[in-house]
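Notes for the one structure printed next.
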């Protein structure tokens with residue numbers, strides 16, 4: 001059974017898509033794109049899709065991941081293109097690899113986030129970041145379905161900094177109708193690298209931590225974007241590409257296999273997702 | 001004049017509200033046309049939450065038809081939840097469309113589709129948030145025309161003060177005709193302003209402009225007469241009827257939302273209208289005659305719609321789907337086509353007969369056979385004769401036996417409480433019928449794992465039906481009868497535990513009754529309720545019976561009437577009804593005879609297979625019954641040569 005791993009985004013206004021909403025939209029896109037999915041056994045078979053670490057509703061993301069299992073092999077790039085065309089703009093499928101390794105979910109060990117704080121001066125943010133980082137543990141509280149939970153938001157933070165210069169772009173407002181105002185004088189952009197722990201420390205929790213340690217209170221909700229997700233490189237302190245091991249394991253596909261896939265794919269596109277603009 | 005998107009301002013509010021995805025638009029198959037390149041612009045509203053409004057077929061059809069026209073634009077707007085409403089008021093964000101987030105006040109027309117009267121308070125919220133004066137008479141040339149459609153538009157009198165126009169019947173051709181009238185008037189430089197535009201629309205005879213009609217009352221509160229107040233405005237306004245459904249295969253590109261909605265399926269209307277003649281059924285009465293979509297037209301819509309949406313379920317909609325003249329071939333053809341594609345087929349609104357079990361079997365070839373729903377509506381032979389629901393208890397039991405024999409395990413039965421002439425015994429018999437169904441199921445299957453759920457709705461008399469004169473049962477009496485029934489079910493040691501019992505209390509039905517058969521004086525009650533915070537009256541968590549009764553008690557006494565006068569009072573033959581000047585095609589004398597037949601427990605057959613019974617629709621509207629069979633079949637979609 002062929003498995004394909006996909007990277008997708010939640011951009012612009014579609015960042016308000018909840019994970020459940022995305023799942024339904026994605027499964028419909030699979031049907032429109034006529035991807036020959038493998039189905040689970042049982043009374044109500046459903047297509048085999050594994051989702052990992054969905055970003056919270058309202059946060060944008062450039063780096064969401066999922067894996068699909070196919071009943072017949074297909075060229076990953078063609079599948080990516082068909083799925084991208086079948087999803088609304090903003091939910092974009094940006095990368096695909098054939099799965100050649102295991103433990104993919106474990107490889108998503110850390111995330112890099114951008115937090116855009118409109119109405120906050122960069123100096124003000126920098127001071128808050130310094131006092132946050134200088135603190136050993138930062139207790140924060142989060143409202144969950146089971147009640148209020150208290151945990152440390154500091155230990156999982158690998159780095160936190162104020163991005164310098166106007167060259168930074170906020171991805172959260174990237175689509176037309178977004179609210180990015182480059183002329184707004186007071187706007188601080190934070191870069192956050194956080195390890196995936198249990199309980200997960202989210203950008204919101206770090207913002208709560210900044211509030212409790214340094215009284216940083218942005219006047220409008222922060223525009224948050226996940227920029228990357230993957231293994232954490234201790235040496236450089238960065239998040240690296242989770243698809244790299246799959247690419248490295250690719251034995252420069254032999255022509256027969258590639259030819260076979262191409263044939264299969266053209267058969268699918270020949271029937272075509274008709275009527276699609 | 002450029003019209004800017006309010007999205008930047010709205011976006012800042014969205015992190016603070018529930019289900020923000022419902023406000024962002026961008027649905028698959030939605031359309032955004034350039035504002036400047038269009039000269040007639042419609043905002044289409046379904047006055048309920050997005051999750052209910054988005055799947056509405058009426059709005060979807062008109063949205064697509066209007067957007068297909070060059071120079072015409074249509075965008076959608078829905079009721080915002082109270083959490084966002086409060087924030088919009090605080091931050092000055094107006095009612096917006098979800099497509100381009102343009103302010104509703106900037107459009108030429110606000111078209112509102114009322115499937116139910118319980119959306120009236122939501123209309124006022126939307127008008128207010130849009131900055132449109134609530135009363136039509138206070139609007140000027142800068143405000144959109146507010147036009148109502150949908151089934152409730154057959155008696156728009158309770159909201160007459162808030163509407164510029166109402167359109168009765170099928171909207172497909174009507175919206176295009178209205179568009180042309182508006183376009184011509186704008187091209188000419190808007191001569192005579194808003195008044196002239198309304199006059200031109202009213203003079204077509206197909207658009208009701210309440211402001212051009214004066215209502216006079218008798219001292220006892222009854223209506224004396226309704227008179228057109230302007231020259232050239234007709235005494236009666238006629239409904240619209242689309243005659244060839246195959247010419248209108250909409251929606252071609254159904255909207256697919258990101259947010260979860262109440263119906264997630266590809267819906268195809270397989271026919272419009274119904275002449276079964278159930279006397280309580282407003283939908284059946286006002287949508288006559290029956291017009292079928294052809295089997296090939298249905299197959300085509302399903303094929304294209306599935307490709308455009310990726311939906312997993314197809315709903316074959318109509319008022320009584322098994323009555324399509326070629327339903328057997330439709331079901332078999334679709335089941336054959338999609339047998340290997342994991343596409344579910346559903347056939348809502350079917351009648352009680354064994355043929356429907358064959359259909360249901362066909363539609364669930366691969367799937368599980370969990371539950372079947374039937375609507376006998378009344379539990380005794382007598383009450384079924386009153387309502388003209390021609391099904392015998394033997395039919396029902398035989399049908400149920402077939403169902404159980406074919407592997408179905410759960411049967412759901414719909415009934416109404418509060419039907420004209422109903423006695424306690426008619427309601428209590430529901431328990432006996434459910435017990436007989438279970439007994440039959442146990443006998444056929446040899447097992448005890450059999451359930452029967454009875455679901456009971458309160459009957460509300462509706463305009464343009466033979467029961468439009470009938471007294472509605474009071475909320476207290478409805479509740480008392482349902483309690484007795486509940487006790488009867490509980491006492492049944494043999495079957496009671498296997499009978500599920502679902503019902504609503506009688507209070508919402510009284511408000512629905514007030515709004516259904518109300519006149520213009522009820523408009524003040526609606527406004528008072530809205531001003532006191534009334535919203536989303538179709539939602540149990542928002543509906544307040546007390547608020548409605550308190551508001552009615554403040555407003556209505558000055559007219560010498562009250563809620564009972566509108567609901568539980570029986571009307572006489574001579575009475576002028578608030579909707580008499582709105583022509584559904586039904587002959588009022590025929591309706592009265594059918595009402596008398598109901599009281600005499602006389603049944604009436606369907607005019608599709610018996611001679612015309614002179615309900616009046618076809619001659620009045622220039623229409624005729626359009627049914628098959630065409631004799632055609634659905635062929636396999638693709639033949640792949642090996």
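Protein chains in written order, with the UniProt record's numbering: chain W, 1 to 277; chain S, 1 to 642.
Ideal Cβ placement from N, Cα and C applies to all residues, glycine included.
Cut-off 8 Å between Cβ atoms - residues of its own chain near residue i, not counting five sequence neighbours on either side
i, result
"residue 397/S", "436, 437, 440"
"residue 380/S", "425, 426, 429"
"residue 124/S", "134, 162, 526, 527, 530"
"residue 99/S", "25, 30, 31, 32, 75, 76"
"residue 346/S", "265, 313, 314, 315, 316, 363"
"residue 3/W", "67, 68, 69, 70, 98, 99"
Check whether residue i and residue j have beta carbons under 8 Å apart
i, j, result
"residue 122/S", "residue 48/S", "yes"
"residue 222/W", "residue 115/W", "yes"
"residue 24/S", "residue 14/W", "yes"
"residue 3/S", "residue 130/S", "no"
"residue 158/S", "residue 120/S", "yes"
"residue 561/S", "residue 528/S", "no"
"residue 126/S", "residue 109/S", "no"
"residue 417/S", "residue 383/S", "no"
"residue 236/S", "residue 576/S", "no"
"residue 567/S", "residue 515/S", "no"
"residue 618/S", "residue 254/S", "no"
"residue 470/S", "residue 461/S", "yes"
"residue 587/S", "residue 622/S", "no"
"residue 249/W", "residue 44/W", "no"
Reduced DSSP secondary structure (H/G/I, E/B, other) of residue i
i, result
"residue 558/S", "helix"
"residue 416/S", "strand"
"residue 1/W", "coil"
"residue 112/W", "strand"
"residue 189/W", "strand"
"residue 148/W", "strand"
"residue 634/S", "coil"
"residue 452/S", "strand"
"residue 212/W", "helix"
"residue 119/S", "helix"
"residue 621/S", "helix"
"residue 52/S", "helix"
"residue 164/S", "coil"
"residue 181/W", "Residue placement at residue 181/W is poorly supported in this model, since its pLDDT is 45, which falls under 50; the coordinates still yield a value, given next. Residue 181/W: coil per DSSP, three-state reduction."
"residue 495/S", "coil"
"residue 466/S", "helix"
Own chain residues within Cβ distance below 7 Å of residue i, not counting five before or after
i, result
"residue 466/S", "279, 591, 594, 595, 598"
"residue 217/W", "211"
"residue 386/S", "419, 420, 421, 598, 601"
Residues near residue i by beta carbon distance below 6 Å, same chain, minus five either side
i, result
"residue 163/W", "189, 191"
"residue 118/S", "537, 538"
"residue 643/S", "In the structure as shown, chain S begins at 1 and stops at 642. Residue 643/S is therefore absent and cannot be evaluated."
"residue 208/W", "140"
"residue 326/S", "295, 628, 629"
"residue 563/S", "514, 552"
- Message: Using a Cβ-Cβ cutoff of 9 Å, what residues of the region 259-272 of chain S are near chain W? List them in chain order.
- Response: 259, 260, 264
- Using Cβ-Cβ distances below 9 Å, what residues of the region 91-122 of chain S are close to chain W? 100, 101
- Members of the region 78-112 of chain W that neighbour chain S once the beta carbon cut-off is set at 9 Å: 86, 87, 88, 89, 90, 91
- What residues in the region 62-83 of chain S have a beta carbon less than 9 Å from any beta carbon of chain W? none
- Against chain S: residues of the region 58-72 of chain W by CB proximity under 7 Å: 58
- Query: Is the region 49-57 of chain S in contact with the region 159-166 of chain S, if contact means three or more CB pairs nearer than 8 Å?
  - Reply: no
- Task: Output, in sequence order along the chain, the residues in the region 208-230 of chain W whose CB is closer than 8 Å to any CB in chain S.
- Result: 220, 221
- Message: Between the region 187-195 of chain S and the region 247-260 of chain S, can you find at least three pairs of beta-carbon atoms closer than 8 Å?
- Response: no
- Query: Is it true that the region 143-155 of chain S meets the region 86-96 of chain S, where meeting means three or more beta-carbon pairs spaced less than 8 Å apart?
  - Reply: no
- Query: In the region 6-25 of chain W, which residues sit with their C-beta less than 8 Å from some C-beta in chain S, listed in chain order?
  - Reply: 13, 14, 16, 17, 18, 20, 21, 22, 24, 25
- Pair every Cβ in the region 46-60 of chain W with every Cβ in the region 294-303 of chain S, then say whether three or more of these pairs are closer than 8 Å. no
- When Cβ atoms are compared, which residues of the region 27-43 of chain W fall closer than 7 Å to chain S? 28, 29, 31, 32, 43
- Can you give me, in chain order, the residues of the region 538-565 of chain S that have a beta carbon less than 9 Å from any beta carbon in chain W? none
- Task: Could you please tell me which residues of the region 3-24 of chain S, in chain order, have their CB closer than 7 Å to any CB of chain W?
- Result: 5, 7, 8, 11, 12, 14, 15, 20, 21, 24
- Interfacial residues, the region 25-37 of chain S to chain W, with Cβ spacing under 8 Å: 25, 26, 27, 28
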